[in-house]
Amino acid sequence: MDYETVSAEDFGGSLRGMGVNLLVRDVRRQSAMLEAVFGMTAHRVSADFAIISYGATLFQLHSDGTYSANPYLSFLPEAGPRGAGAELRLYDSDPDRAAEKAEANGMLILQPPTDKPHGLREAFLICPDGYAWVPSRPL
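When you line the sequence shown up against numbering that gives the first Met the number 0, it's residues 0 to 138, in that order.
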């Protein structure tokens with residue numbers, strides 16, 4: 000499937016299993032940050048929407064405005080972080096390399112790369128929308 004040209008109807012109809020959709024204030028900024036820090040690929044990037052690929056995984060970014068008719072929008076805070084409680088774990092990203100790029104791309108390093116007792120080296124990086132991105136590698 001060509002993510003740059005697929006219609007919304009065909010893309011939506013192709014989705015299976017579990018999907019992740021992140022509501023963000025600035026789709027273009029979030030897409031650029033994910034590409035720069037984690038080497039992800041952003042497709043169909045607009046002010047309202049992007050398809051993000053990370054290895055074999057796909058997820059979507061939507062702007063708040065795309066949810067104007069969705070009751071979920073009323074749960075989003077008008078200011079401050081919104082992703083508290085969600086960890087987006089990236090098992091194929093080098094935490095040291097990601098941390099080196101994080102601050103220059105608008106992320107807060109909540110926890111620098113650390114060897115953990117559960118067998119992973121990981122960092123906790125917070126994006127401007129408050130989501131915790133956790134690049135990890137086996138020790």
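Virtual Cβ for every residue (Gly too), placed ideally from N, Cα, C.
Cβ shell of residue i (< 7 Å), same chain only, five flanking positions each side left out
{"i": "Ala41", "result": "Ser30, Leu33, Glu34, Ala49, Ile51"}
{"i": "Glu3", "result": "His42, Arg43"}
{"i": "Leu22", "result": "His61, Asp63, Tyr66, Leu75"}
{"i": "Ser13", "result": "Met0"}
{"i": "Lys115", "result": "Glu121"}
Rounded C-alpha distance that separates residue i from residue j
{"i": "Asp91", "j": "Ala101", "result": "16 Å"}
{"i": "Trp132", "j": "Tyr71", "result": "22 Å"}
{"i": "Glu77", "j": "Asp63", "result": "10 Å"}
{"i": "Ala7", "j": "Ala122", "result": "34 Å"}
{"i": "Ser135", "j": "Pro94", "result": "6 Å"}
Beta-carbon separation (whole angstroms), residue i vs residue j, contact threshold 8 Å
{"i": "Ala46", "j": "Arg28", "result": "About 10 Å; that fails the 8 Å criterion."}
Residue i vs residue j beta-carbon contact at 8 Å
{"i": "Val36", "j": "Ala97", "result": "yes"}
{"i": "Tyr53", "j": "Leu109", "result": "no"}
{"i": "Leu168", "j": "Pro137", "result": "Residue coverage of the chain in this structure runs from 0 to 138, which leaves residue 168 outside it and unanswerable."}
Where residue i falls, given that 16 or more other Cβ within 10 Å makes a residue buried
{"i": "Arg81", "result": "buried"}
{"i": "Met17", "result": "exposed"}
{"i": "Pro112", "result": "buried"}
8 Å CB neighbourhood of residue i in its chain, flanking five on each side removed
{"i": "Gly129", "result": "Gly79, Pro80, Arg81, Gly82, Ala83"}
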